[in-house]
Each structure stands twice: as structure tokens, then as C-alpha cells.
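Novice:
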Ligand SMILES: Cc1ncc(COP(=O)(O)O)c(C=O)c1O
């Protein structure tokens, strides 16, 4: 992103020109930013050359999948339709790892029919899967009793998490595998998302390696995703190079002790696509109370729910006038709920200093590429935005804006 004539440009395209062509609200993704993050991830772990599986849940647009495929990424999928989308995007079944949770027989059957490897997260599901695929191979999601993340809703390890078989259940795991003649070829864990500290990731890794030691036929150990990005200007970024070095060294020493070839896998989502995405919205109103100046827009938490759901921070830039006389404002949406505010933290409304927004200006909500459009809804019968990919001054529509017909197609 850059600024020319005090206007915001994304991937070399003027924000105004993009919204003139495609309307607002509009998700815009910068291809170069995705490729940069892919390379950073690959370089940080180059010493052990892991299989890198993109977590599709972060953003499932096929144009992004094509970029990730081109960068050599494989897939972490959580549902049959994610699997189907990725097969359609040209990924081989063996490049996809399905990690469901509370997974039905139907979902397992679909993966088996497609030849997609399955990662199972509880003993009950292991029985379910074992009955469908006796004598087959399987991997297991382990809860290492360590969790981390930007909000308690996204911590996926430890006693309050519904995910994975507790690492202490080794005997029960062995017994369930024996019962169905299953061969355990992988161990996986994922302790949360939006992690900026390395300590928990390294602690979880130690426990997972310890669990892996008890099983003889492993082909991979998957340490999940969770690699965070700094959303707030004062946040320290994750020290990815140091984390990569530490994890590679530890893995290399485990590998020589284990005594047979074994691969590392990782499942980053947010780290690859968050910073590439901006949500462009139009100012429709400016209104004050004794406490706040509200800047109203034509979008809302139906399009970007992270602030309302987690008190998450997204930097807001006035794309029409990037620098100039500033005003302290609260940026809100057009949804019929008072929680529909883009600038809030866990305590409540947050004032932001923006170049004085006026009706008609464009605002850019930054770092919205992950868990933005993926979590969007049609609340208040509002269509979901269009999505555009930009690169070197060129723009391409990669998802059209929803229509009234799209929203009503399934009413019977
Ligand atoms: C199993 C699994 N792997 C990977 C990810 C990706 O996490 P992140 O986007 O934080 O890298 C998730 C996210 O919830 C997940 O559940």
C-alpha cells in the first residue's frame, strides 16, 4: 500500500478508482503482500523444509488459493466443502489434511472417498473413523495442555478447549488404534490463533514431541498455525525468524532421536493473508453525542465482525485524505445494533484519530484479509461485499457483490 496525492493506493491501484469500478463496501487483497508473507514463513523454517498447509478458514477465495498453491502451499481444511473447494482449485487429495472437530460419519466418508487424509480430535471420533476405515492410516489432534491467542474465544489448547485428545491419554489412544488396526502416521496440535509470543508455541511443541515419542510409525508432526500479526501500531510483531530457528533446531534433534524420516507440518492462515486485505467502506454520516463523534459507514459487523466479536483492533485510514487535520472519532456501521462499531476494544468504544472524515469519503480498514470475509454474514439482509485482487496497478474482480436474488435463493 502507498500514498500518492494524499490518496490511498492498494497494489498500485487508487482506492477511489477501485470503488468507482466495483462499488463499496469492497474487500481488496494485495497479491504481493500474500507472496511476501509466504516467503517469510518458508524462509523462517527453511532448515527443516516443512510442508506448509494454508488454513483455508482464514480466507477461502479461490484466487487466493491459486496464489498459495503457486507458492507451494498445501491445505488445512475443516469441512467437506473446504475440501471440495480445494480439490477444485487443483490441490491433490494427499496435499490436504482434514482437521474437523465433532465430525460426523458423513464428513469422514467424504474424505475417505476423496482420498483426503484425516486428522481426528477425540477418542469417540477415532472409533467412528476406525469403523469406517479399519486397518487404515490416521493422524490425531492432541491437546498439549497449553493454549494461547488474542482472545479467550480463540484459545484451542488447555483444559477449557474442546479441541483434541489430551496428551495424557496415551494408553487410551493406543487401545483405540489397536481396536481398529489403525496406523498412526501423524500427530497434530494447534493451540490458538493470533499468537505473538513464542513461549507457548515452544512449550506446546515440547509436549507434542513427548507424545510423539510413544508412537513408532509417524510420518509427520504438525504444529498447527496461530502465527499472529501486529494489528495495533504499538504491538511487537511475532519474532518469526527466532521462532523458526528454535523450532527447526528442536525438530532436527527430535528427528535424529526418532530414527526414521519424519516431516514437520505447519498450518498458518492469518499470517499469510491478514495484512494483504483491506475493507473499503464509504462514510454515510457524521453525528455527535456529548461523548463521541460517530462516523457512520455503509458496512458493519456483518462484513468485518472481529471488532464486535473480540474487541479486535483494525487500523482505519481515511483513504480519500490520508493526512491532514485530524478528528477524534468512533467509526460505526449500518447494522441495527449498538455493538456495530469498528473501533472498540474489550472495554468499549475506542476513539481514533482520523483525517477529518466527511460524508462521501472512503475509509480503509486494514489487516482485514484473514477472518474478515470468511466470517461475513447477511445479517439485516445486507449482501456481502465484492472482493478484488490487486497487483502492480491491475485489479481483478474475484467475487461479485451479492444480489437480492443471492440472498433469497434458498427461501422455500
Ligand atoms: C486446526 C487449525 N489449524 C490452523 C489454523 C490457522 O490458524 P491461524 O490463522 O492463526 O494461523 C486454525 C485456526 O483456527 C485451526 O483451527
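Residue numbers (our numbering): 367 to 778.
Even glycine gets a Cβ: it sits at the ideal position worked out from N, Cα and C.
Nearest CA to the CA of residue 421: which residue from 694, 590, 492?
Specialist: For this step, residue 421 is matched to residue 55 along the chain shown. Of the listed residues, the one whose Cα sits closest to residue 421 is 590.
Novice: Look at the alpha carbon of residue 827 and the alpha carbon of residue 457, and state the distance between them as a whole number of angstroms.
Specialist: Look at the range of the chain in this structure, 367 to 778, and you will see that residue 827 is not part of it.
Novice: Using the C-alpha atoms, what's the distance from residue 377 back to residue 737?
Specialist: By 1-based counting over the chain shown, the position of residue 737 is 371. By 1-based counting over the chain shown, the position of residue 377 is 11. Taking the straight line from one Cα to the other gives about 21 Å.
Novice: Less than 8 Å between the C-beta atoms of residue 667 and residue 706, yes or no?
Specialist: Against the chain shown, residue 667 aligns to sequence position 301. Against the chain shown, residue 706 aligns to sequence position 340. Inclusion of residue 667 and residue 706 in the CB contact set at 8 Å is warranted, their separation being smaller than that value.
Novice: Is there at least one non-hydrogen atom of ligand 1 closer than 7 Å to the beta-carbon of residue 586?
Specialist: Stepping through the chain shown from its first residue, residue 586 is reached at position 220. It does not: the Cβ of residue 586 is nowhere closer than 7 Å to a heavy atom of ligand 1.
Novice: From the DSSP output, in three-state form, read off residue 390 for me.
Specialist: Working through the chain shown from its first residue, we reach residue 390 at position 24. Coil.
Novice: According to DSSP, is residue 714 helix, strand or coil?
Specialist: The residue you call residue 714 lines up with position 348 of the chain shown. Strand at residue 714.
Novice: For a test of your reading of the model: does the CB of residue 442 fall under 7 Å from any non-hydrogen atom of ligand 1? Yes or no.
Specialist: Along the chain shown, one-based indexing puts residue 442 at 76. For ligand 1, at least one heavy atom lies less than 7 Å from the Cβ of residue 442.
Novice: Compute every distance between the C-beta of residue 721 and the non-hydrogen atoms of ligand 1, then say whether any falls below 7 Å.
Specialist: On the chain shown, position 355 is the one that residue 721 refers to. No; taking the cut-off as 7 Å, the Cβ of residue 721 has no heavy atom of ligand 1 nearer than that.
Novice: Taking the DSSP output, what are the residues bridged to residue 614?
Specialist: Numbered from its first residue, the chain shown carries residue 614 at position 248. DSSP, once it has assigned bridges, lists no residue as partnering residue 614.
Novice: Verify whether the separation of the beta carbon atoms of residue 478 and residue 499 is less than 8 Å.
Specialist: One-based indexing of the chain shown puts residue 478 at position 112. One-based indexing of the chain shown puts residue 499 at position 133. Yes, they are a contact pair.
Novice: Under the rule that 16 or more other beta-carbon atoms within 10 Å means buried, what is residue 735, buried or exposed?
Specialist: Here residue 735 is taken as the residue at index 369 of the chain shown, counted from 1. Residue 735 should be labelled buried.
Novice: Can you tell me whether residue 679 is buried or exposed? The criterion is at least 16 other CB atoms within 10 Å of its CB, across all chains shown.
Specialist: Locating residue 679 in the chain shown gives position 313, counting from the first residue. Residue 679 should be labelled buried.
Novice: With DSSP as the reference, please indicate the residues paired to residue 379 in a beta bridge.
Specialist: Here residue 379 refers to the residue found at position 13 of the chain shown. BP columns for residue 379 point to 376.
Novice: Give the C-beta separation of residue 653 and residue 643 to the nearest angstrom, bearing in mind that I take them to be a contact with Cβ-Cβ under 8 Å.
Specialist: Translated into the one-based positions of the chain shown, residue 653 becomes position 287. Translated into the one-based positions of the chain shown, residue 643 becomes position 277. The distance from the Cβ of residue 653 to that of residue 643 is about 28 Å, inconsistent with a contact at the 8 Å cut-off.
Novice: Taking DSSP's pairing of strands, which residues face residue 632 in a bridge?
Specialist: Mapped onto the chain shown, residue 632 falls at position 266. DSSP output for residue 632 lists 418 as bridge partner(s).
Novice: Residue 632 to residue 655, Cα distance in whole Å?
Specialist: Position 266 of the chain shown, counted from the start, is the residue given in the question as residue 632. Position 289 of the chain shown, counted from the start, is the residue given in the question as residue 655. Rounded to whole angstroms, residue 632 to residue 655 spans 48 Å at the Cα level.
Novice: Short of 6 Å in beta carbon distance, which residues of its chain neighbour residue 617, apart from the five on each side in sequence? Order them along the chain.
Specialist: Counting from 1 along the chain shown, the entry for residue 617 is found at position 251. Closer than 6 Å at Cβ, skipping near neighbours: 414, 630.
Novice: Can you find a heavy atom of ligand 2 that lies under 7 Å from the Cβ of residue 633?
Specialist: Absent from the structure shown: ligand 2. Ligands present: ligand 1.
Novice: Can you have a look at residue 555 and say buried or exposed, based on whether 16 or more other CB atoms are within 10 angstroms of its CB?
Specialist: Locating residue 555 in the chain shown gives position 189, counting from the first residue. It counts as buried.
Novice: Between which two residues does the alpha helix (DSSP H) carrying residue 447 extend?
Specialist: Walking along the chain shown from the start, residue 447 turns up at place 81. First-last of the alpha helix (DSSP H) with residue 447: 446–454.
Novice: Applying the criterion that 16 or more other CB atoms from any shown protein chain within 10 Å of the CB defines a buried residue, is residue 497 buried or exposed?
Specialist: The sequence position of residue 497 within the chain shown is 131, counting from 1. By the neighbour-count rule (16 or more Cβ atoms within 10 Å), residue 497 is not buried but exposed.
Novice: Using a 10 Å radius around the Cβ and a threshold of 16 neighbouring Cβ atoms, would you call residue 372 buried or exposed?
Specialist: Locating residue 372 in the chain shown gives position 6, where the first residue counts as 1. Of the residues assessed, residue 372 falls on the exposed side of the cut-off, its CB having fewer than 16 other CB atoms within 10 angstroms.
Novice: Leaving out five residues on either side along the sequence, give the residues of the same chain with a beta carbon under 7 Å from the beta carbon of residue 502.
Specialist: For this step, residue 502 is matched to residue 136 along the chain shown. So the qualifying residues of the chain are 548.
Novice: Is residue 375 buried or exposed, if buried means 16 or more other CB atoms sit within 10 Å of its CB?
Specialist: Working through the chain shown from its first residue, we reach residue 375 at position 9. Buried, because 16 or more other Cβ atoms sit within 10 Å of the Cβ of residue 375.
Novice: Assuming residue 650 is part of the beta strand (DSSP E), what are its boundary residues?
Specialist: Translated into the one-based positions of the chain shown, residue 650 becomes position 284. Element bounds for residue 650: 643–654.
Novice: Starting from the C-beta of residue 671, find all residues in its chain whose C-beta is less than 6 Å away, skip the five residues before and the five after it, and write them out in chain order.
Specialist: In the chain shown, counting from the first residue as 1, residue 671 sits at position 305. So the list reads 741, once near-sequence residues are dropped.
Novice: Indicate the three-state DSSP secondary structure (helix, strand or coil) for residue 606 in the structure shown.
Specialist: As a position in the chain shown, residue 606 is number 240, starting the count at 1. DSSP places residue 606 in helix when its eight states are reduced to three.
Novice: Distance, Cα to Cα, residue 729 vs residue 504?
Specialist: Within the chain shown, numbered from 1, the residue matching residue 729 stands at position 363. Within the chain shown, numbered from 1, the residue matching residue 504 stands at position 138. Near 47 Å, if we compare the C-alpha coordinates of residue 504 and residue 729.
Novice: Under 7 Å from any heavy atom of ligand 1, does the C-beta of residue 676 make it?
Specialist: To locate residue 676, count along the chain shown from 1; it is residue 310. For ligand 1, not one heavy atom lies less than 7 Å from the Cβ of residue 676.
Novice: Going by C-alpha to C-alpha distance, which of 727, 718, 688 sits closest to residue 697?
Specialist: Counted from its first residue, the chain shown places residue 697 at position 331. Nearest C-alpha to residue 697: 718.
Novice: What number of angstroms, rounded off, separates the C-alpha of residue 437 from the C-alpha of residue 488?
Specialist: As a first step, residue 437 is located in the chain shown; it is residue number 71 there, counting from the start. As a first step, residue 488 is located in the chain shown; it is residue number 122 there, counting from the start. Distance between the alpha carbons of residue 437 and residue 488 is about 33 Å.
Novice: Checking 8 Å against the spacing of the C-beta atoms, do residue 722 and residue 690 come in under that value?
Specialist: Numbered from its first residue, the chain shown carries residue 722 at position 356. Numbered from its first residue, the chain shown carries residue 690 at position 324. Yes, the pair counts as a contact, with Cβ atoms nearer than the cut-off.
Novice: Hey, quick one: how far does the beta strand (DSSP E) through residue 682 stretch, first residue to last?
Specialist: The sequence position of residue 682 within the chain shown is 316, counting from 1. Looking at the DSSP string, the run of the beta strand (DSSP E) that includes residue 682 is 682–684.
Novice: Does the count of Cβ pairs from the stretch 759–770 and the stretch 381–398 closer than 8 Å reach three?
Specialist: yes
Novice: Roughly how many angstroms lie between the CA atoms of residue 646 and residue 444, to the nearest whole one?
Specialist: Residue mapping note: residue 646 aligns to position 280 of the chain shown, counting from 1. Residue mapping note: residue 444 aligns to position 78 of the chain shown, counting from 1. So the two alpha carbons sit approximately 29 Å from each other.
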